[in-house]
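Colleague: Provided herewith is a single structure, encoded as structure tokens, for subsequent inquiry.
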Amino acid sequence: MDENSDKDLGQVRREYSLDRMDDAQLPSDPMLLFGAWMEQARQSENLDPTAMTLSTVEEDGNPSSRIVLLKKIDRGRLVFFTNYSSRKAREIQSSSRVAAHFYWPELERQVKIAGKAEPLEDAESDRYFQSRPFESQVAAWASPQSTVVPHREYLENEYRRYLEKFKGSKVIPRPEFWGGFAVTPSRIEFWQGGKFRLHDRIEYALKDEQWTRVRLAP
């Protein structure tokens, strides 16, 4: 990227004017607000409203981020699924503290969540796995996620091998190395774009099993 490109990036900006957050209308439970915002995001033109950036911590202390899909809100927990041998899963096993971030530009909104991730109950993982399309179930068996493979053909061959193995099966068992994680939030920040960069930032924090709420300067 040359110097002129840097100058061009400095001129990229937009104005925010869609909505405001009224303190008097905010619920005491942030998950109620999150659920409402998620539903509005689903009704918007966003192609991936459930996509969230999940950040974990590597053993050497470096942050590690990737996009995963939120699949369920269960008893105040955010649920996603992955291979338990994946990098993210190994990092969660090393340090359960994670952060999640949702961005819905069509609504001029962001949500930032910090919390603790724990493996989901086996029965819940079983239920979700059986709800997946047949091809996705096969792919879960075929892909040794986050491991080095010689080439793409290796993955395609593994997929065909498991496709043949489960051909005609009414039920494909969930691999023991695949399942869900549930993130229990301890802090949630809601961001709503505002005029003149006077954005709304509302932060909820869990203390002694009670949620507190403050407004932050943008």
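Taken in order, the sequence shown gives residues 1122 to 1339; the numbers are from my numbering.
Virtual Cβ for every residue (Gly too), placed ideally from N, Cα, C.
As the structure is a computational prediction, the values presented were derived from the model and not from experiment.
1. On the CB-based measure, 16 or more other CB atoms within 10 Å of its CB, does Q1214 come out buried or exposed?
2. Comparing alpha-carbon positions, which option in R1282, E1297, S1216, L1139 lies nearest P1226?
3. Once you ignore the five residues that flank A1162 on each side, which residues in its own chain have a CB closer than 7 Å to its CB?
4. Assuming the contact rule is C-beta atoms closer than 8 Å, P1296 and R1318 should be a hit. Round their C-beta distance to whole Å, please.
5. Any chance you could list the alpha helix (DSSP H) runs of at least 4 consecutive residues sitting entirely within the stretch 1236–1275, in chain order?
6. Less than 9 Å between the C-beta atoms of T1268 and R1198, yes or no?
7. From M1142, A1238, D1144, pick the residue whose C-alpha is nearest to that of S1176; which is it?
8. What residue from V1232, S1165, Q1132 has the CA that sits closest to P1151's CA?
9. I need the straight-line Cα distance from F1223 to M1173, nearest angstrom please.
Modeller: Based on what the coordinates show:
1. exposed
2. L1139
3. P1170, W1225, L1228
4. About 48 Å; that fails the 8 Å criterion.
5. Those alpha helix (DSSP H) runs which fall completely within the stretch 1236–1275 and span 4+ residues are 1243–1252, 1255–1263.
6. no
7. A1238
8. V1232
9. 5 Å
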